[in-house]
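In the numbering used here, the protein residues as written are 1 to 139.
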């Protein structure tokens with residue numbers, strides 16, 4: 001039977017600039033009351049953009065496969081079986097390191113390049129450990 005081990009999405013810190021700009025416009029609404037409605041509207045637009053971006057990249061690790069879903073209106077789903085995973089790499093830049101996040105690239109036996117990339121996830125080391133643990137159990 002297949003069951004979920006871990007699931008998640010892009011770390012909110014990667015899109016924190018949207019929340020920052022929303023906050024700036026909300027503060028402007030407070031100080032410049034003549035244009036408060038405009039500032040609040042623009043701030044809400046940044047909050048909505050943040051919500052959309054957070055929901056467009058999701059991943060699920062089960063005991064049998066890793067599934068990544070991208071998109072909001074048009075969804076693309078990629079899967080790789082745990083038994084087919086041949087390599088895993090973690091990629092981090094300065095921003096990723098400061099927010100404890102990173103991107104995980106997963107290669108499979110069916111492809112010569114990395115097949116699935118999980119962008120800017122929180123604590124990628126934990127996911128990689130879980131995948132490695134599953135690969136050892138299967139062998």
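Built from N, CA and C at the ideal position, the CB exists for glycine as well.
field: Burial state of residue 22 (16 or more Cβ within 10 Å)
entry: On the chain shown, residue 22 is found 22 positions in, with the first residue counted as 1. Classification for residue 22: buried.
Coarse secondary structure for residue 151, derived from DSSP in three states: Residue 151 is absent from the structure shown; the chain starts at 1 and stops at 139.
- prompt: Roughly how many angstroms lie between the CA atoms of residue 28 and residue 41, to the nearest whole one?
  reply: Counting from 1 along the chain shown, the entry for residue 28 is found at position 28. Counting from 1 along the chain shown, the entry for residue 41 is found at position 41. In this structure, the straight-line span from the alpha carbon of residue 28 to that of residue 41 is close to 11 Å.
task: Starting from residue 57, follow the beta strand (DSSP E) in both directions and report where the run begins and ends.
output: On the chain shown, residue 57 is found 57 positions in, with the first residue counted as 1. Residue 57 -> beta strand (DSSP E) spans 57 to 62.
query: What are the boundary residues of the alpha helix (DSSP H) that residue 135 is part of?
result: Sequence index remark: in the chain shown, residue 135 carries index 135 (1-based). If you look at residue 135, you'll find it in the alpha helix (DSSP H) that goes 124 to 138.
task: Report the partner residues of residue 9 according to the DSSP bridge assignment.
output: Reading the chain shown from its first residue, position 9 is the one you call residue 9. For residue 9, which the question treats as bridged, DSSP gives the partners 58.
query: How would you write the range of the alpha helix (DSSP H) that residue 95 sits in, first residue to last?
result: As a position in the chain shown, residue 95 is number 95, starting the count at 1. Note, residue 95: alpha helix (DSSP H), 94 to 98.
message: Give me the residue from 118, 50, 74 with the minimum Cα distance to residue 107.
response: Within the chain shown, the letter at position 107 stands for residue 107. Closest by C-alpha distance to residue 107, out of 118, 50, 74, is 118.
Residue 61 vs residue 131 beta-carbon contact at 8 Å: Along the chain shown, read from residue 1 onward, the residue named residue 61 stands at position 61. Along the chain shown, read from residue 1 onward, the residue named residue 131 stands at position 131. Cβ atoms of residue 61 and residue 131: closer than 8 Å.
task: Report the rounded CA-to-CA distance for residue 69 versus residue 98, giving the unit in angstroms.
output: The sequence position of residue 69 within the chain shown is 69, counting from 1. The sequence position of residue 98 within the chain shown is 98, counting from 1. Spanning the two alpha carbons is a distance of roughly 26 Å.
message: Let's see if you can read the secondary structure: which residues bound the beta strand (DSSP E) around residue 110?
response: Your numbering for residue 110 matches position 110 in the chain shown. Where residue 110 is concerned, there is no enclosing beta strand (DSSP E), given that its DSSP letter is neither H nor E.
query: Can you check whether the CB of residue 9 is closer than 8 Å to the CB of residue 58?
result: To locate residue 58, count along the chain shown from 1; it is residue 58. To locate residue 9, count along the chain shown from 1; it is residue 9. For residue 58 and residue 9, yes; Cβs fall inside 8 Å.
- prompt: Can you name, in chain order, every residue of its own chain whose Cβ lies under 8 Å from the Cβ of residue 3, other than the five neighbours on each side?
  reply: Numbered from its first residue, the chain shown carries residue 3 at position 3. So the list reads 62, 63, once near-sequence residues are dropped.
task: Report the partner residues of residue 79 according to the DSSP bridge assignment.
output: The residue labelled residue 79 in the question sits at position 79 within the chain shown. Partner(s): 67.
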